[in-house]
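Visitor: So in my numbering, spot 393 of the sequence shown is number 549, and the numbers just go up one at a time. Take a look at the following structure, please.
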Amino acid sequence: MSPPQHVNVALMTSGGLAPCLSSSIAHLITCWKNALDNGLVSGLTFRCYRDGYKGILTNDSFLVGESQWGKVDSLHKLGGSPIGNSRVKLTNIKDCVKRGFVGENETPLEKAAQRLIADKINVIHTIGGDDTNMQAAELSKYILDKHGGKVIVIGMPKTIDNDVYPIKQTFGADTAANQGAKFFENVVSEHSANPRMLILHEVMGRDSGYLTSWTAQCYRENILKKQVFPEGFNTSMRTRDVHAVWIPENPLDIEAEGARLKEIMDECGCVNVFMSEGSGVHEIVAEMERDGKEVPRDAFGHVTLAKINPGQYFATRLAGLVGAEKALVQKSGYYGRSAAANEYDQDLIGRCAEVGVKSAIDGVSGCMGEDEDKEGAPVRAIEFERIKGGKPFDTTQEWFKTLLVDIGQVKN
């Protein structure tokens, strides 16, 4: 067994926000501090790169003083990232040049590699989605192949979409769903502001309907069913219920849904729809391309959903079908994703951080998570070549099938 080594640890967060970034940093620093206290490493430094890969490319970082290591528990109570995020793809040279991160004759991978080597980084924790972690793995390989150096990469799977293979549950998804339910608890009261009100609650989720579905479930089970409604008033459990859940995994027949929901509108004077932002996107993109319009995309080639506005598109169509006097589109995404991690997510992050630090000390790279391809879905450093985004939501789960039956969207 080799003697304990001094370890220079790097931390970075990248991509969109999720309710796990601050908590992940707190857990990782604490787990490394415990490793030092237990003699598993001989020394430590923590370097945080500001704004994700942007900080690596622009040499923008700071060291966490040893006096602060024991104070990081306060980060568990914070949303967002205490070191900043950005969306940067190291292999998208054109975009990196355009944004001033590298010069015309530089490559982002080489510049990032030189920075990690200069900072003498031994282990880097990348807290982000599949894109973030796959880039880190590629950067580590580049350093080994081109410079003969070794940087252990320990990814922490952050995404409220919960759509990463083969990870059972990604960080922040449960918190975001419960926050979205809380958001809708207030928004649903808008049905009393106008007769025949259509409320469309647009939830984040590009390819997966998990967040939309679990948000609806959390709202109904944790909030709606615990409320008491006196008889005879306009507001009731029926008017405040979820009447439809639209997700990318289930085909949307807008005409048929319009007919079903019109009956609810006639009965209740309102209709409440939960919709994934990725629902119907292919239809909208096809229409834009057919009309010769440019489809907005980000640095990774993803359609910029905020700019094509799926919620407003379908709200306008559905309003006519159900005879709504007013249609209101409300997006809970930014509210939910910027929250602090809840107890469930903090526990998941903590277990992954603990195993991740052990894996780093053993010299094994990987993306931490519950590996659902292994018996019992153990927390382990999952091989990066097995990490992939775009995992669909499993619509065969009993709780989801029961949800659709309960709200009348499908027949029992």
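Think of the CB as a built atom: it goes at the ideal place given N, C-alpha and C, for glycine as much as any other residue. All values derive from a computational prediction rather than experimental measurement.
Determine the DSSP secondary structure at aspartate 454, reduced to helix, strand or coil.
Guide: coil
Visitor: With distances taken between CB atoms, is the gap from leucine 167 to isoleucine 239 smaller than 8 Å?
Guide: yes
Visitor: For cysteine 426, name the three-state secondary structure that DSSP assigns.
Guide: strand
Visitor: What residue ranges within the stretch 473-556 form continuous alpha helix (DSSP H) runs of no fewer than 4 residues, ordered along the chain?
Guide: Qualifying alpha helix (DSSP H) stretches, in chain order: 489-493, 499-517.
Visitor: Using a Cβ-Cβ cut-off of 7 Å (strictly less than) and excluding sequence neighbours within five positions of valine 398, which residues of its own chain qualify?
Guide: Ala372, Tyr375, Arg376, Asn428, Phe430, Ile563
Visitor: Would you check if there are 3 or more beta carbon pairs closer than 8 Å linking the stretch 438-456 to the stretch 415-424?
Guide: no
Visitor: Here's the rule I'm using: 16 or more other beta-carbon atoms within 10 Å means buried, otherwise exposed. How should leucine 300 be labelled?
Guide: exposed
Visitor: If distances are taken between C-alpha atoms only, which option among Glu405, Val478, Trp555 comes closest to glutamate 411?
Guide: Val478
Visitor: Checking the sheet assignment: what are the DSSP bridge partners for glycine 199?
Guide: His162
Visitor: At what residues does the beta strand (DSSP E) containing phenylalanine 218 begin and finish?
Guide: 217-219
Visitor: Helix, strand or coil: how does DSSP classify lysine 449 here?
Guide: coil
Visitor: What does a CB cutoff of less than 7 Å around threonine 552 pick up in its chain, not counting 5 residues either side in sequence?
Guide: none
Visitor: Going by DSSP, what residue range makes up the alpha helix (DSSP H) through threonine 282?
Guide: Element bounds for threonine 282: not the alpha helix (DSSP H) but the beta strand (DSSP E), 279-284.
Visitor: Buried or exposed: lysine 547, going by 16 or more other Cβ atoms within 10 Å of its Cβ?
Guide: buried
Visitor: Tell me whether tryptophan 555 is buried or exposed, calling it buried when 16 or more other Cβ atoms sit within 10 Å of its Cβ.
Guide: Exposed is the call here.
Visitor: Report the rounded CA-to-CA distance for serine 364 versus threonine 169, giving the unit in angstroms.
Guide: 22 Å
Visitor: Would you mind sorting alanine 269 into buried or exposed? The rule is 16 or more other CB atoms within 10 Å of its CB.
Guide: buried
Visitor: Would you identify the three-state DSSP class for valine 343, choosing helix, strand or coil?
Guide: helix
Visitor: If alanine 533 sits next to lysine 302, beta carbons under 8 Å apart, how far is it from one beta carbon to the other, in whole angstroms?
Guide: Contact flag wrong, Cβ pair sits at about 36 Å.
Visitor: For the beta strand (DSSP E) containing valine 401, list its first residue and its last residue.
Guide: 400-402
Visitor: At the level of alpha carbons, what is the spacing between glutamine 383 and glutamate 528?
Guide: Rounded to the nearest whole angstrom, the CA to CA distance from glutamine 383 to glutamate 528 is 36 Å.
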